[in-house]
Amino acid sequence: MNEIFNSITWKDVVDIFVVSFLIYRILLLIQGSRALQMAAGLSVVVLLYFVSDALQLLTLNWILNTFMSSILILIIIVFQDDIRKALAQIGKHPFTKFQTEYSYGIEEVVKAVTQLAEKKIGALIVFEREISLKDFLEGAVMLDSKISEELLVSIFNPKSPLHDGAVVISKGKIVAAGVVLPLSTNPDIAKDLGTRHRAAIGITEITDAVAIVVSEEKGYISLAVSGKITRDVTPATLRKMLSQLLGFESKAPWWTRITYEIQKGT
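Under the numbering used here, think of the first position of the sequence shown as 25, with each following residue one higher.
In structure tokens, the structure reads:
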């Protein structure tokens, strides 16, 4: 055992670290999506191949060997959307997500939920982060619109056909409205929390999304993340928490933050 540890060089450590990091990023990318199920299916096929080879199951091994010879092409075809997304993220400048438009979107959301809370109009807004929410958008109304206070308020107007669903925001845009989210089944959730709050907690339990809820009964603003919910937050606190959770406040370059402060002043 000592010989093994003594033979490890700094290059081996770097190699292990890089591979581990890549596997971690891939798992983050496909978590919560259908790609994870397809990856599990491919893993079963590969496992069967090695088992058939070990047990000399000739016919099965021949079939799987033929399949394995083209597995690289199959992976590219099956995971083309996820590969495209991963390559785009690799080539993206680390600060591009913190542009002024991004902070402007946070401000518009804060103003919208503040107005909705004052009028006691229920609302549920979800910010997508690293894990894609595209699998939850089936049946929703796709918008791909700029974030604005007016649009958010109109969506959650009680007379709007979309007011009961959630709004999903991704990459600085409102991508969908009327989204149906999974409800949390956590038995420890407070009994007075309604469907919107349970949906907010539910989506943050299975993804890294950030969810904002406005209570139509009390007019409270709540924020859910990682399966936990903070209730009755002020607009100022909400603005600060969103900036921290979405990375703008701590990682934005100084010139972006200055531009943001100038915009807030106007």
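We treat Cβ as the ideally placed atom computed from N, Cα and C, and that holds for glycine.
Predicted model only: the values in this text are computed from it and were never measured.
By a beta-carbon distance limit of 8 Å, valine 203 contacts alanine 164. Their separation comes to about 4 Å. Counted as a single uninterrupted DSSP element, the alpha helix (DSSP H) harbouring phenylalanine 91 occupies residues 82-92. The segment 170-187 makes no contact with the segment 206-221; the number of CB pairs closer than 8 Å stays below 3. Exposure of glutamate 174 is indicated by the presence of fewer than 16 other C-beta atoms within 10 angstroms of its C-beta. Glycine 226: member of the alpha helix (DSSP H) spanning 219-230, first to last residue. In the structure shown, alanine 64 adopts helical secondary structure according to DSSP, grouped into three states. Secondary structure at isoleucine 95: helix, using DSSP grouped into helix, strand and coil.
Residue environment analysis places phenylalanine 41 among the exposed positions, since fewer than 16 neighbouring C-beta atoms fall within 10 angstroms of its C-beta. C-alpha of aspartate 256 to C-alpha of aspartate 39: approximately 47 Å in a straight line. Distance from the Cα of serine 156 is smallest, within the candidate group Glu240, Gly271, Leu186, Asp232, for Asp232. A check of alpha carbon separations from proline 259 across Ile130, Ala190, Ala201, Lys170 identifies Ile130 as the nearest.
For threonine 254, the secondary structure class from DSSP, reduced to helix, strand or coil, is strand. Sequence-distant Cβ neighbours of arginine 222 in its own chain, meaning closer than 6 Å and more than five residues away, are Leu207, Ser208. In the three-state reduction of the DSSP assignment, glycine 146 falls in the coil class. Secondary structure of valine 204 (DSSP, three-state): coil. By the neighbour-count criterion, in which 16 or more other beta carbons inside 10 Å mark a residue as buried, serine 250 falls on the exposed side.
Bounds of the alpha helix (DSSP H) holding alanine 260 are 259-269. Per DSSP, the continuous beta strand (DSSP E) segment holding leucine 167 begins and ends at 165-170. Around the Cβ of glycine 226, a 10 Å sphere holds 16 or more other Cβ atoms; the residue is buried. Between the alpha carbons of alanine 248 and leucine 88 lies a gap of roughly 46 Å. Residue environment analysis places asparagine 85 among the buried positions, since at least 16 neighbouring C-beta atoms fall within 10 angstroms of its C-beta. Measuring C-alpha to C-alpha distances from leucine 269 to each of Ala190, Val70, Asp168, Ala235 identifies Ala235 as the nearest. Nearest to glutamate 154 by alpha-carbon distance, out of Asp168, Lys35, Lys143, Tyr48, is Tyr48. Per the coordinates, the alpha-carbon of valine 69 lies some 10 Å from the alpha-carbon of isoleucine 95.
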